[in-house]
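To convert, note that position 17 of the sequence shown is 17 in UniProt numbering; the numbers rise steadily by one, no gaps. For glycine and all other residues, C-beta sits at the position ideal for the given N, C-alpha and C.
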Amino acid sequence: MSAQDRLTDTLYGLGWSTVRKLPEPVAVRLGNTIADLAWKQRGKGVQRLESNYARVLPDAGPERLAELSRAGMRSYLRYWMESFRLPAWSEERIKGGFDAKDIHYLTEGMAAGNGVVLALPHLGNWDLAGAWVTTELGIPFTTVAERLKPETLYDRFVAYRESLGMEVLPHSGGTAFGTLARRLRDGGLVCLVADRDLSASGVEVDFFGDTARMPAGPALLAQQTGALLLPVTLWYDDSPVMRGRLHPPVEVPESGTRAEKTSVMTQALADAFASGIADHPEDWHMLQRLWLADLDPAKGST
1 MSAQDRLTDT
11 LYGLGWSTVR
21 KLPEPVAVRL
31 GNTIADLAWK
41 QRGKGVQRLE
51 SNYARVLPDA
61 GPERLAELSR
71 AGMRSYLRYW
81 MESFRLPAWS
91 EERIKGGFDA
101 KDIHYLTEGM
111 AAGNGVVLAL
121 PHLGNWDLAG
131 AWVTTELGIP
141 FTTVAERLKP
151 ETLYDRFVAY
161 RESLGMEVLP
171 HSGGTAFGTL
181 ARRLRDGGLV
191 CLVADRDLSA
201 SGVEVDFFGD
211 TARMPAGPAL
221 LAQQTGALLL
231 PVTLWYDDSP
241 VMRGRLHPPV
251 EVPESGTRAE
261 KTSVMTQALA
271 DAFASGIADH
281 PEDWHMLQRL
291 WLADLDPAKG
301 ST
């Protein structure tokens, strides 16, 4: 393990071991302080966040974008502070920490017995939403995590999410799709963060007026298993409670090739994601390149 990897792993380890012990108001202040320091330094992540916001709000001037990126970094650090503390939260705190609109789409879909795929963008705190599903609704689910470096950091993420009641599969290795399909055919729940393609073989979609690439997995799983496909968007307000909305199901088109159906369904997901991001852009934690025009073809996704 390189010195940088050891440092990264140590810092995340300190976060999980130390931040979870802080009183909540102290953790909130610490998160805002770290966010403001990072924002003032205007590193690559902050600049990319601002550039992405400029696509969401093309009429926004530099002052508005700067305000948004500062709020975006605070939202991003709120995600991390909550995530570090989630394993120590009581069941009551988890149940009271999330309020979801139109949850009936999920409960009715699960009752139908054909499985449900929840697809989310990088909005709010998807780990908190997942913990709420396993705790408040009592529904276990399977998800996929990107393999992080160092490997010890990935192991920490897996252990953390499993402690919240999630089954976590590695994104790489080629076996995840088959396992997800089996879970759905058994009437289970699958949750996927799906606004950024990690395979470079995703589906091109129109996203805020330009072309981006999003993963085909959610649409393909729904087609192959008969599972219900539900977009979900999350956001924060000024309260300690995160908000969320389940959007109407994305239907499988009656005609067309598999590729054509996948394209239509993935575009429908992108449109639902865009509606949530447009309403709460500061809670979209996209600090990486997303649109094809921003990607370096020689290097692929960064």
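| query | result |
| --- | --- |
| Helix, strand or coil: how does DSSP classify Glu146 here? | coil |
| Apart from the five residues on each side of it in sequence, which residues of its chain come closer than 8 Å, Cβ to Cβ, to Pro87? | Trp16, Arg20, Tyr160, Ser163 and Leu164 |
| Does DSSP put Val19 in a helix, a strand or coil? | helix |
| By the DSSP assignment, the alpha helix (DSSP H) with Phe84 in it spans what residues? | Pro62 to Arg85 |
| So, using beta-carbon positions, are His171 and Ala129 closer together than 8 Å? | no |
| May I ask you to report which of helix, strand or coil DSSP gives Gly109? | helix |
| Determine, using beta-carbon pairs with one atom in the stretch 109–119 and one in the stretch 176–194, whether at least three such pairs fall under 8 Å. | yes |
| Between which two residues does the beta strand (DSSP E) holding Gly244 run? | Met242 to Leu246 |
| When you compare each of Glu91, Ser201 and Leu106 to Arg213 by their alpha carbons, which one comes out closest? | Ser201 |
| Since Arg48 is in the alpha helix (DSSP H), which residue starts that stretch and which ends it? | Lys44 to Val56 |
| Is it the case that the Cβ atoms of Leu220 and Leu230 are separated by a distance below 8 Å? | no |
| From Leu77, Trp80, Tyr79 and Leu49, pick the residue whose C-alpha is nearest to that of Leu68; which is it? | Leu49 |
| Looking at Asn114: is its Cβ nearer than 8 Å to the Cβ of Met242? | no |
| Can you have a look at His122 and say buried or exposed, based on whether 16 or more other CB atoms are within 10 angstroms of its CB? | buried |
| Am I right that Gly31 and Arg70 are in contact with their C-beta atoms under 8 Å? What's the rounded C-beta distance? | 13 Å between Cβ atoms; not a contact. |
| For Pro231, which three-state DSSP category applies? | strand |
| Note down the Cα distance separating Val272 from Trp284, rounded to an integer number of angstroms. | It should be noted that the sequence gives Ala, not Val, for residue 272. If you take the alpha carbons of Ala272 and Trp284, they lie about 14 Å apart. |
| List the DSSP bridge partners of Arg213. | Glu204 |
| Per DSSP, which residues does Val168 bridge with? Please list them. | Thr143 |
| Per DSSP, what kind of secondary structure is residue 334 in: helix, strand or coil? | Look at the range of the chain in this structure, 1 to 302, and you will see that residue 334 is not part of it. |
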